[in-house]
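Note sheet for the following structure.
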Amino acid sequence: MLNLIKHELKAIASEFYGIMIGLFALAVFGPVLLRSNSPGIIAITFLAVFAVLIALSVISFLVMLKVLNKRLYGEIGYLQHTLPVSSTKLLASKIVTIIIIQVMMIVAFVLAFLIFMSMVVLLNKGGASIFEFFSSMIFKSDLIMVFLKYALALLPYAFVTGLFSANVLLFVTTTINTSFVRKHKLIIGIILFIVLTAIFNYLEGYLFAGELISFELVDIFVPSNDPVELGNMFAQSFSNIDMKRLLLMMGYQLMWAGLIFSANQYLVDHKLEI
Numbered sequence: 003m004l005n006l007i008k009h010e011l012k013a014i015a016s017e018f019y020g021i022m023i024g025l026f027a028l029a030v031f032g033p034v035l036l037r038s039n040s041p042g043i044i045a046i047t048f049l050a051v052f053a054v055l056i057a058l059s060v061i062s063f064l065v066m067l068k069v070l071n072k073r074l075y076g077e078i079g080y081l082q083h084t085l086p087v088s089s090t091k092l093l094a095s096k097i098v099t100i101i102i103i104q105v106m107m108i109v110a111f112v113l114a115f116l117i118f119m120s121m122v123v124l125l126n127k128g129g130a131s132i133f134e135f136f137s138s139m140i141f142k143s144d145l146i147m148v149f150l151k152y153a154l155a156l157l158p159y160a161f162v163t164g165l166f167s168a169n170v171l172l173f174v175t176t177t178i179n180t181s182f183v184r185k186h187k188l189i190i191g192i193i194l195f196i197v198l199t200a201i202f203n204y205l206e207g208y209l210f211a212g213e214l215i216s217f218e219l220v221d222i223f224v225p226s227n228d229p230v231e232l233g234n235m236f237a238q239s240f241s242n243i244d245m246k247r248l249l250l251m252m253g254y255q256l257m258w259a260g261l262i263f264s265a266n267q268y269l270v271d272h273k274l275e276i
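The numbering used here applies: residue 3 is where the sequence shown begins, and numbers increase by one.
Here it is in structure tokens:
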């Protein structure tokens, strides 16, 4: 299965070259352009940033569709179905590829954002003092522990949500390539994806109603030059996560992800038409 994943990643890597170059070029040169006194250049820079972010999202989604449709049920997919691997491993390799794409896009966005903010600080005359202030506010106060607590709780949930979404998308692409769907596959696929997503979101909202995370903004507008004190004020705004509800939601999504994956296996083994 590892060879299948490596092959998938190598095949789709070129799809991201252009948008990655654009993303990191903006991260480096965007702050320089924003220092311009020309309103036109500043406006164009902001438009370019939004355009690149939208393009990154669209390209990522289209590549994921390509992995789950053309590269699974097209001509290339037909060849993969002739390989000496089970349908379980073949489908699992596609799911893992989708998750890797999601993770890499998040990592790329975070790195680009950090580069952008670093350039803003470096180009600012008081950049060193600004950097020191925010570093102290985050790392020397209780805020860093709050961030770590939320990250440790929410990252697994984000992973499970990505796994669930990938299985739903795979189910849609599999269904439209079976004997159940003869015509208008694209339209049926879009409708099916929207309906399934709406149903699952409604059920999750109904079963696990309530606040997962409560946030109450304290009075942070108290005059203070102490970054540590300011960081502690921000930290007090965050209350505890409802871990019971979070675990139940993760279990709910994992259950459906497993059931949908089993349905995908059945469709591939018994109803697939390539």
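Idealized CB from N, CA, C, for every residue including glycine.
Would residue i and residue j be called neighbours here (beta carbons separated by less than 8 Å)?
i           : j           : result
residue 36  : residue 50  : no
residue 32  : residue 118 : yes
residue 25  : residue 58  : yes
residue 173 : residue 114 : no
residue 69  : residue 100 : yes
residue 252 : residue 171 : no
residue 245 : residue 155 : yes
residue 164 : residue 104 : yes
residue 3   : residue 94  : yes
residue 255 : residue 89  : no
residue 140 : residue 233 : yes
residue 214 : residue 269 : no
residue 190 : residue 183 : yes
residue 151 : residue 230 : no
Straight-line CA distance for residue i to residue j?
i           : j           : result
residue 97  : residue 87  : 15 Å
residue 80  : residue 179 : 12 Å
residue 121 : residue 34  : 8 Å
residue 30  : residue 126 : 14 Å
residue 193 : residue 167 : 15 Å
residue 61  : residue 18  : 8 Å
residue 227 : residue 207 : 43 Å
residue 47  : residue 137 : 27 Å
residue 175 : residue 39  : 50 Å
residue 6   : residue 181 : 26 Å
residue 260 : residue 145 : 37 Å
residue 147 : residue 236 : 12 Å
residue 2   : residue 76  : What is shown of the chain runs 3 to 276, which leaves residue 2 out entirely.
Does residue i come out as helix, strand or coil in the three-state DSSP assignment?
i           : result
residue 266 : helix
residue 39  : coil
residue 242 : strand
residue 9   : helix
residue 203 : helix
residue 126 : coil
residue 227 : coil
residue 32  : helix
residue 197 : helix
residue 83  : helix
residue 211 : coil
Which residues share a DSSP beta bridge with residue i?
i           : result
residue 274 : 180
residue 97  : According to DSSP, which records beta bridges pairwise, residue 97 is partnered with nothing at all.
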